[in-house]
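Undergrad:
Protein chains: 2
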Amino acid sequence: MIIDCHGHYTTAPAPHNDWREAQKAAFKAGEVPPLYPTLSDDEIRETLEKNQLRLLRERGADMTIFSPRASAMAHHVGDEAVSTAWARHNNDLIKRCVDLYPDVFIGVGMLPQSPGVPIENSIAELERCVNELGFVGCNLNPDPSGGHFSAPPLIDRSWYPFYEKMVELDVPAMVHVSGSCNPVFHATGAYYISADTTAFMQFIQGDLFGDFPELRFIIPHGGGAVPYHWGRYRGLADMLKQPPLDGHVMKNVWFDAAVVVRPNSTPDQLERIAARIRQIGVKRILYGSDAASSPLAYPKAGWAALQRLPLTNTELVVMANNIAPYMRDFAVR
Amino acid sequence: MIIDCHGHYTTAPAPHNDWREAQKAAFKAGEVPPLYPTLSDDEIRETLEKNQLRLLRERGADMTIFSPRASAMAHHVGDEAVSTAWARHNNDLIKRCVDLYPDVFIGVGMLPQSPGVPIENSIAELERCVNELGFVGCNLNPDPSGGHFSAPPLIDRSWYPFYEKMVELDVPAMVHVSGSCNPVFHATGAYYISADTTAFMQFIQGDLFGDFPELRFIIPHGGGAVPYHWGRYRGLADMLKQPPLDGHVMKNVWFDAAVVVRPNSTPDQLERIAARIRQIGVKRILYGSDAASSPLAYPKAGWAALQRLPLTNTELVVMANNIAPYMRDFAVR
C-alpha cells in the first residue's frame, strides 16, 4: 500500500474560507464571529474528487495523510480564541473528508496555537483529534508568530507537556510552519525551508529524544536544507559533543520526499537523489507529495518519477511501506 | 591562480577581542569605551602564520578574500556608535593583514549596521573600505537584529541607496548574517543557512537586478538550501511570473563552495556535487573555504577533494579562475 504522508486540504469549499474571512473581520471589529456555515457532503465531495482524489489515482497511491491547509492555519492571526475556533472547524472538516472516503484519507489535525500562548493549551484539541476524530497525528507549528521566530526552540522544556501527550497518545507530529506575515520570508520559498532546517538543528542541540525516546517528528519538504548539508550537520553534532546523527536525531525524525523528485528529473538527478536517500537511510524517508499545495504540484509523472529512482526493489519496497510513524496507531484499528 | 573567496579573520589577537568585551561593558554601563589597544605587527603575523596562511599553503591556494570574523560582527549588540567603532577597528585590522601579506590577503569589510538604523549610514564605511583601505567588497548583513529578521527584505527600496554606492564603487557584497541572539537559531547550523536561502528567494521575488543590472552578490555556504531545492526555485520563479533563474537572479548572484566538498567525500558524492555544480553553472561557483571559521574547517584534503570533483579540466579551470565578482576591481590595480 502506498500512503502519501503529506497532503493538505487546499481546496476546502468556499463557504469555509469565507467564514474565516468573516471571523478575522469580526475579531478586528471586536464583534462575535458569524455562525459556521453548513456544508453539504456533495460540496465536500466535489472539491476532493476534482483534486486530491484525482491526483492520488493518477499517482497510483492508495491513501493520504490529510491535514488542513498549512498556509491557512495562520496562527499569527487573531488570538487564542480565534485559533481555537478555526482549528476546530478545520479539523471537523478533515473528519468529514475521512468519513466520506475512509479508505483514502487518514486525518491529521492542526492545533489552536497562538503567539505567546502556552502549548499546553493545544493539548485538548490534540486529544479531541486523536480520541474523538480518530486522527493519527498533528501538524506542530514551531513558530506561531508567522515568521518572527519568537517561540522557544523545540527542545525547550516549555514544549514538554505537549510532547508528553503526544507520547501518551502515541502520535507523531509534522513540524510545519504556516503562512508568513514577515515580508522577509516568502512562505514556501524561504519560511518553510528555513523552519525545517532550523527544527533539525534544534534537535541536534538538545537531548530531546533522550528525554522522550518515543517522540516522533516528520520534517517535511525533503528535510529543508539538511540532506544537502548533511556533512555540516554531522560535523556540528560532533562539535557539540552530541551522538552521531544516525544514533540520535535520526532515530526519531523522518523526512518526507515532497518536491524532491520532479517529473522531468534526469537519470543523472535520479542517481543523486537515490544516493542521498541511501545516505539518510531508506527507512527514514516517507513518500509525501505536499499535493495541491501550490501550482508546483505535479500529477502522475511525479509519482512515476519517484518509482524511477535507481534504488533496489527492496529499498523501494521499504520506502513504499514506510507507514511509520503515522500509521502505528492506525494499523491497529 | 586559486583565490579562496570566503575567509574570515577568526583568530584576531586577544587584545582586539578583549577591547570588544570592554566596549560592550562600557555601553551597558553608559560609559566611554577604553582606547583601542596597540597591536604589534608580530602579534598579527603570529595569528595568521599559524592559521590562515598555513591552511592556504596546505590547500594550494594563492590568495584569500579576507574579512572580519562574521559571527563577531554582532550588529545586534549595542547601538550604531558601538557598531561603527567596532567595524572601523575590524576593518583597520584587516587592512594591516593585507599590508603585511599583500600577495595573500584581499580585504573585504564589515559594515556598521545596527537594528533599525538606515543602511545609508553604512555608506561612509563602505567608501572608506574601498577608497582608503583598498578593499574589494563588503559583507552585507540582511538581518542586523541577530535572528529576529526585523529588517526589510533585500529587495526593499530602503536598501537601494547602499546598492547605488556598491554599483558606483563597482564592488560586490557577500550576504552574510552574524551571530544569533535568538535561541531558535543555532548560528552556523540554522541561522546562516536560513538567511542564505531567504536572501535567494527575495532576489527571485523582486526585480532588483532589473533596477541594478551591475549589482553583484555572493551567497555563501554553498547557497544555503537553494541548490538542493533547485527545482522548487525554478518552479517558484515560474509561478511568480519571474524570468527563469539563469536569465535573472543567476546573472548577478554567485554561490561559494564552502563546506560542500568534504575530505572524506566518496566518489559517489563527488559525482553528485559535480552534477549540481554543473546545474548551477560552473561560472557561478566560487571556491571558498570559510576557513578556520569553526572546527569544521579542514586542511589540505579539503582543497584536494574539491580538485577531485569529476569535472572536466576545462570546468575546473573555469571554477579555479572565477575571480569575479570580487576581483574585477582588483585585477585593474
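Residue numbers (my numbering), protein chains in the order written: chain Z, 779 to 1111; chain R, 779 to 1111.
Glycine is no exception: its CB is placed at the ideal position from the N, C-alpha and C atoms.
Measuring CB to CB, does R:L878 end up less than 8 Å from R:D782?
TA: Here residue 878 of chain R refers to the residue found at position 100 when the second sequence is read from its first residue. Here residue 782 of chain R refers to the residue found at position 4 when the second sequence is read from its first residue. In this structure, R:D782 does not lie closer than 8 Å to R:L878 by Cβ.
Undergrad: What in chain R is Cβ-close to Z:N960, meaning under 8 Å?
TA: Along the first sequence, read from residue 1 onward, the residue named residue 960 of chain Z stands at position 182. What Z:N960 touches in chain R: F927.
Undergrad: With 8 Å as the threshold, decide whether the Cβ of Z:T975 is near any Cβ in chain R.
TA: On the first sequence, position 197 is the one that residue 975 of chain Z refers to. Answer yes: the Cβ-Cβ gap between Z:T975 and chain R drops below 8 Å somewhere.
Undergrad: Can you list, in chain order, the residues of its chain whose CB lies under 6 Å from that of R:L1074, leaving out five sequence neighbours each side?
TA: Here residue 1074 of chain R refers to the residue found at position 296 when the second sequence is read from its first residue. Low confidence applies here, because R:L1074 scores a pLDDT of 40, under 50, leaving its location unreliable; read the following figure in that light. Once the five neighbours on either side are set aside, R:L1074 has no close Cβ partner at all.
Undergrad: Considering just the uninterrupted stretch of the beta strand (DSSP E) at Z:P846, what are its terminal residues?
TA: Looking up residue 846 of chain Z in the first sequence gives position 68. Looking at the DSSP string, the run of the beta strand (DSSP E) that includes Z:P846 is 841-846.
Undergrad: Assign R:N919 to one of three DSSP states: helix, strand, or coil.
TA: Position 141 of the second sequence holds residue 919 of chain R. Three-state result, R:N919: coil.
Undergrad: Under the assumption that Z:W864 contacts Z:R798 (Cβ atoms under 8 Å), give the Cβ distance between them as a whole number of angstroms.
TA: Looking up residue 864 of chain Z in the first sequence gives position 86. Looking up residue 798 of chain Z in the first sequence gives position 20. Yes, Z:W864 and Z:R798 are in contact; Cβ-Cβ is about 7 Å, under 8 Å.
Undergrad: Is Z:C907 helix, strand or coil by DSSP?
TA: For this step, residue 907 of chain Z is matched to residue 129 along the first sequence. DSSP places Z:C907 in helix when its eight states are reduced to three.
Undergrad: Go through its chain and collect everything with a Cβ distance to Z:K1078's Cβ below 7 Å, but skip five positions before and after it.
TA: Against the first sequence, residue 1078 of chain Z aligns to sequence position 300. Residue confidence is low: Z:K1078 scores 49 on pLDDT, short of 50, so the model does not pin down where it sits. Its coordinate-derived value is still stated next. If we look at Z:K1078 and ignore the five residues flanking it on each side, its Cβ neighbours are E836, R837.
Undergrad: Note down the Cα distance separating R:L904 from R:G885, rounded to an integer number of angstroms.
TA: As a position in the second sequence, residue 904 of chain R is number 126, starting the count at 1. As a position in the second sequence, residue 885 of chain R is number 107, starting the count at 1. Each residue's alpha carbon lies about 12 Å from the other.
Undergrad: Can the beta-carbon of R:S972 be found closer than 8 Å to that of Z:S956?
TA: Here residue 972 of chain R refers to the residue found at position 194 when the second sequence is read from its first residue. Here residue 956 of chain Z refers to the residue found at position 178 when the first sequence is read from its first residue. Result no, Cβ atoms of R:S972 and Z:S956 do not sit closer than 8 Å.
Undergrad: Which residues, in chain order, does the segment 964-989 of chain R contribute to contact with chain Z at a C-beta distance below 9 Å?
TA: Cβ contacts with chain Z come from H964, T966, G967, A968, Y969, I971, S972, A973, D974, T975, T976, A977, F978, M979, Q980, I982, Q983.
Undergrad: Does Z:L1048 get closer than 8 Å to chain R when you measure Cβ to Cβ?
TA: Counted from its first residue, the first sequence places residue 1048 of chain Z at position 270. Chain R, which has no Cβ nearer than 8 Å to the Cβ of Z:L1048, makes this no.
Undergrad: Taking Z:G885 as part of the beta strand (DSSP E), name the residues at either end of that continuous run.
TA: In the first sequence, residue 885 of chain Z corresponds to position 107, counting from 1. Element bounds for Z:G885: 883-885.
Undergrad: Could you name the residues of chain R that Z:H1007 contacts, counting a contact when the two beta carbons are closer than 9 Å?
TA: Reading the first sequence from its first residue, position 229 is the one you call residue 1007 of chain Z. Residues of chain R passing the Cβ test: G967, I971, H999, G1000, G1002, A1003, Y1006, V1037, V1038.
Undergrad: Compare the beta carbon distance of R:I933 and R:Q891 with 8 Å and say whether it is the shorter of the two.
TA: In the second sequence, counting from the first residue as 1, residue 933 of chain R sits at position 155. In the second sequence, counting from the first residue as 1, residue 891 of chain R sits at position 113. Taking 8 Å as the Cβ cut-off, R:I933 and R:Q891 do not qualify as a contacting pair.
Undergrad: Could you tell me the alpha carbon to alpha carbon distance between Z:L1089 and Z:R1056, rounded to whole angstroms?
TA: Working through the first sequence from its first residue, we reach residue 1089 of chain Z at position 311. Working through the first sequence from its first residue, we reach residue 1056 of chain Z at position 278. Computed Cα separation, rounded: 9 Å.
Undergrad: Once DSSP output is grouped into helix, strand and coil, what is the label at Z:A803?
TA: Counting from 1 along the first sequence, the entry for residue 803 of chain Z is found at position 25. Of the three classes helix, strand and coil, the one that applies to Z:A803 here is helix, per DSSP.
Undergrad: Less than 8 Å between CB atoms is the rule here; does Z:P930 satisfy it with respect to chain R?
TA: Within the first sequence, residue 930 of chain Z is the residue found at index 152, counting from 1. Yes, Z:P930 lies at the interface with chain R (some Cβ there is under 8 Å from its Cβ).
Undergrad: So Z:Y1011 contacts chain R; which residues on that side make the cut at Cβ distance below 9 Å?
TA: The count along the first sequence starts at 1 and reaches residue 1011 of chain Z at position 233. Here the neighbours are G967.
Undergrad: Which residues share a DSSP beta bridge with Z:W1032?
TA: For the purposes of this step, residue 1032 of chain Z is taken as the residue at position 254 of the first sequence. According to DSSP, which records beta bridges pairwise, Z:W1032 is partnered with Z:I996.
Undergrad: Just verifying my parser: in three-state terms, what is the DSSP assignment at Z:C959?
TA: Locating residue 959 of chain Z in the first sequence gives position 181, where the first residue counts as 1. Three-state result, Z:C959: coil.
Undergrad: Use the C-beta contact count for R:D921: other C-beta atoms within 10 angstroms, 16 or more gives buried, fewer gives exposed.
TA: Here residue 921 of chain R refers to the residue found at position 143 when the second sequence is read from its first residue. Label assigned to R:D921: buried.
Undergrad: Let's test the definition: count the other Cβ atoms within 10 Å of the Cβ of Z:S1071 and tell me whether it reaches 16, buried, or not, exposed.
TA: Translated into the one-based positions of the first sequence, residue 1071 of chain Z becomes position 293. With a pLDDT of 41 at Z:S1071, under the threshold of 50, the modelled position of this residue cannot be trusted; read the value that follows with caution. It counts as buried.
Undergrad: Answer yes or no: does any C-beta atom of chain Z fall closer than 8 Å to that of R:A1053?
TA: Counted from its first residue, the second sequence places residue 1053 of chain R at position 275. Yes, R:A1053 lies at the interface with chain Z (some Cβ there is under 8 Å from its Cβ).
Undergrad: Are three or more beta carbon pairs between the segment 908-927 of chain Z and the segment 946-954 of chain Z nearer than 8 Å?
TA: They touch, by the three-pair rule.
Undergrad: Is the beta carbon of R:I1058 sitting closer than 8 Å to the one on R:P1021?
TA: By one-based count along the second sequence, residue 1058 of chain R stands at place 280. By one-based count along the second sequence, residue 1021 of chain R stands at place 243. Their beta carbons are not under 8 Å apart, which means R:I1058 does not touch R:P1021 by this criterion.
Undergrad: Does chain Z have any CB closer than 8 Å to the CB of R:L1014?
TA: Residue numbering aside, residue 1014 of chain R sits at position 236 when the second sequence is read from its first letter. Interface residue, yes.
Undergrad: Going by the CB atoms, is the gap between R:L817 and R:N869 shorter than 8 Å?
TA: As a position in the second sequence, residue 869 of chain R is number 91, starting the count at 1. As a position in the second sequence, residue 817 of chain R is number 39, starting the count at 1. Their beta carbons are not under 8 Å apart, which means R:N869 does not touch R:L817 by this criterion.
Undergrad: Looking only at DSSP bridge pairs, what is Z:H786 linked to?
TA: Reading the first sequence from its first residue, position 8 is the one you call residue 786 of chain Z. Note: Z:H786 sits in a beta bridge opposite Z:S845.
Undergrad: Which one or two residues does DSSP pair with R:A951 in a beta bridge?
TA: Along the second sequence, one-based indexing puts residue 951 of chain R at 173. BP columns for R:A951 point to R:C916, R:F995.
Undergrad: Buried or exposed for R:V810, please, with buried defined as at least 16 other CB atoms from any protein chain shown within 10 angstroms of its CB.
TA: Residue mapping note: residue 810 of chain R aligns to position 32 of the second sequence, counting from 1. The residue is exposed, with fewer than 16 neighbouring Cβ atoms inside 10 Å.
Undergrad: Buried or exposed: which applies to Z:T1092, given that a residue is buried once 16 or more other Cβ atoms fall within 10 Å of its Cβ?
TA: For the purposes of this step, residue 1092 of chain Z is identified with residue 314 of the first sequence, where counting begins at 1. Exposed, by the Cβ-count rule.
Undergrad: Any idea if R:T1044 is buried or exposed, counting beta-carbon neighbours within 10 angstroms, 16 or more meaning buried?
TA: In the second sequence, counting from the first residue as 1, residue 1044 of chain R sits at position 266. Exposed, since its Cβ has fewer than 16 Cβ neighbours within 10 Å.
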